[in-house]
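**Student:** Before anything else, here's the structure in question.
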Amino acid sequence: MNFIVRVLVTALALWLTSLVLDDHLFIVGGDSAGATIVILLAVSLLFTLVNSIVKPLLQFISIPLYILTLGLFHLVINALMLMLTAWITEATQWGIRLEGGFWWAVWIALILAVVNAVINAVVPGDQSR
Numbered sequence: 356m357n358f359i360v361r362v363l364v365t366a367l368a369l370w371l372t373s374l375v376l377d378d379h380l381f382i383v384g385g386d387s388a389g390a391t392i393v394i395l396l397a398v399s400l401l402f403t404l405v406n407s408i409v410k411p412l413l414q415f416i417s418i419p420l421y422i423l424t425l426g427l428f429h430l431v432i433n434a435l436m437l438m439l440t441a442w443i444t445e446a447t448q449w450g451i452r453l454e455g456g457f458w459w460a461v462w463i464a465l466i467l468a469v470v471n472a473v474i475n476a477v478v479p480g481d482q483s484r
């Protein structure tokens, strides 16, 4: 159940971020509202899977950089995960497209993190933690 909530929150955060930064983050393939919702859910599922599988490995490898930058390297890791998700969906006619390069991906990852934190504060989650 927690995984489903995480996917839904990520979809909402991606949608809100694409509204704020419509020049640099595009949702591609949705001609109607229903198609856009399905694409957002699929991309957020893929993004959640990438964050669940690839991100811990990359975080473990980059422990010295986390220590050196006092944790700011986490933004770079988030941007790389977003770029990986966009790269995976580029071969299809649906998904997300990032324009502007790496530094815009860092800004988008920062906005996604803030929006995710706000939504997670509002949405009741697992109380056992």
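Note that this note's numbering has the sequence shown beginning at 356, numbered continuously upward.
Even for Gly, the Cβ is constructed at its ideal location relative to N, Cα and C.
Everything numeric in this text was worked out from a predicted model, so none of it was measured.
For the structure I just gave you, are there three or more beta carbon pairs, one from the region 382-391 and one from the region 458-474, closer than 8 Å?
**Tutor:** No, they do not touch.
**Student:** Just to check my reading of the structure: Val409 and Met436 have Cβ atoms closer than 8 Å, yes? What is that Cβ distance to the nearest angstrom?
**Tutor:** Taking the sequence shown and counting its residues from 1, one reaches residue 409 at position 54. Taking the sequence shown and counting its residues from 1, one reaches residue 436 at position 81. Contact holds; Cβ gap of about 7 Å.
**Student:** Among Val393, Ala468, Trp370, which one has its Cα closest to the Cα of Trp449?
**Tutor:** Translated into the one-based positions of the sequence shown, residue 449 becomes position 94. Nearest of Val393, Ala468, Trp370 to Trp449, Cα basis: Val393.
**Student:** Look up Gly389 in the DSSP assignment and say whether it is helix, strand or coil.
**Tutor:** Sequence index remark: in the sequence shown, residue 389 carries index 34 (1-based). If DSSP states are grouped into helix, strand and coil, Gly389 belongs with the helices.
**Student:** What residue range is occupied by the uninterrupted beta strand (DSSP E) comprising Leu486?
**Tutor:** The structure shown does not extend to residue 486, since the chain is modelled only from 356 through 484, so no value can be given for it.
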